[in-house]
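A.B. asks: Structure provided below as C-alpha cells; questions to follow.
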Amino acid sequence: MRPELRRKVLAKLKQVYAEIVSPLELVITTLTEDQKKSIREDFWRDQRKRADKELSTKPDSEFGTIMDDLDSAPPAMQKLVKESLRYVKKNRGGRPPDFPLEIRRNAIRDIGHEYPQCDSLRQAIELVAIRYGMKPDYLGKVWKNRRRLRTIDSVSVVGTLHESKRK
C-alpha cells in the first residue's frame, strides 16, 4: 500500500482506538496516571507498528475495504483492549522493604539455625538482627511473614526447627 494511504488508515485506526480507550479510562477509576498513559500511548505504539507492517503488504485496492472495516471495528477492538488491560503494570502499593529479598531470606534461615541454641525465639531474632544490622522488631515482622519469602532450602530448615522444639 502506498505511504499516503497507509497514513490515512493509521490515522483512522488511531481515531477508533481513542474512541475506545477514553471511555475505559473514565469507567476504570483505579488506574493511576502512569497506567492511563501506558494504555493511551504504549499499547497504541505497539499496535501502530504492527498495523503499519501489515498494511505495507496490502495492495492499494484494499484501501476502501480496510477503511470500511475500521468503521465496524470498535466492538472488536474494545474487547481486545479490555483483554490487554490485564497486562498493564499494577500499582502494588506499600512501602519498599528496608533490606533486599536475599538478605531477608538469609536472616530467616539464620534464625532457624540460631533458634535451637537460644532460650527463646525473641533471643534468636535479636541475635540475627544484630548480625544483619536490622531492628529486632523489623526482623520479627519478616519472620512472621516468612512464608512469602521461603525458598526450597529454608523450608527444610523451618520444618526441622518445629520438630526439634516439639520433642
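Residue numbering for the sequence shown follows this note's numbering, starting at 19 and increasing by one per position. Ideal Cβ placement from N, Cα and C applies to all residues, glycine included. Since this is a predicted model, take the numbers as computed values, not measurements.
1) Which of the three DSSP states is assigned to S90 in this structure?
2) Suppose you measure from the CA of D78 to the CA of R20; what does that come to, to the nearest Å?
3) Just reading off the alpha helix (DSSP H) that K55 is part of, what are its end residues?
4) So what's D137 in DSSP terms, helix, strand or just coil?
5) With 16 as the cutoff for other CB atoms within 10 Å, does I38 come out buried or exposed?
6) For V146 and L139, which I take to be in contact (beta-carbon distance under 8 Å), what is that distance rounded to the nearest angstrom?
7) Quick check: what's the CA-CA separation for R1 versus P115?
8) Sort I84, I126, F117 by Cα distance to K209 and report the nearest one.
9) For A69, which residues from the same chain have a beta carbon less than 7 Å from its beta carbon, with the 5 sequence-adjacent residues on both sides left out?
10) For G151, tell me which candidate among I121, E132, Q33 has the shortest Cα-Cα distance.
11) Have a look at K97 and W62 and give me their C-alpha separation to the nearest angstrom.
12) Which residue's Cα is closest to the Cα of Y133: L73, L167, Q65, W161?
13) D116 by DSSP, collapsed to three states: which one?
C.D. replies: If we stick to the structure as given:
1) One-based indexing of the sequence shown puts residue 90 at position 72. DSSP places S90 in coil when its eight states are reduced to three.
2) On the sequence shown, position 60 is the one that residue 78 refers to. On the sequence shown, position 2 is the one that residue 20 refers to. Their Cα atoms are separated by approximately 7 Å.
3) Indexing the sequence shown from 1 puts residue 55 at position 37. 51 to 55 is the span of the alpha helix (DSSP H), which, as asked, contains K55.
4) In the sequence shown, residue 137 corresponds to position 119, counting from 1. Three-state DSSP puts D137 in coil, outside helix and strand.
5) In the sequence shown, residue 38 corresponds to position 20, counting from 1. Classification of I38: buried, given that the 10 Å Cβ count is 16 or more.
6) Here residue 146 corresponds to residue number 128 of the sequence shown, with the count starting at 1. Here residue 139 corresponds to residue number 121 of the sequence shown, with the count starting at 1. Not a contact, Cβ separation roughly 11 Å.
7) Lying outside 19 to 185, the shown extent of the chain, residue 1 is not represented and no answer is given.
8) The structure shown does not extend to residue 209, since the chain is modelled only from 19 through 185, so no value can be given for it.
9) For the purposes of this step, residue 69 is taken as residue 51 along the sequence shown, with counting starting at 1. So the list reads L28, L31, once near-sequence residues are dropped.
10) Against the sequence shown, residue 151 aligns to sequence position 133. It is I121 whose Cα lies nearest to the Cα of G151.
11) Residue 97 sits at position 79 when you count from the first residue of the sequence shown. Residue 62 sits at position 44 when you count from the first residue of the sequence shown. Straight-line measurement puts the Cα of W62 at about 15 Å from the Cα of K97.
12) As a working note, residue 133 is residue 115 in the sequence shown. Taking only the C-alpha atoms, the option nearest Y133 is W161.
13) Numbered from its first residue, the sequence shown carries residue 116 at position 98. Coil.
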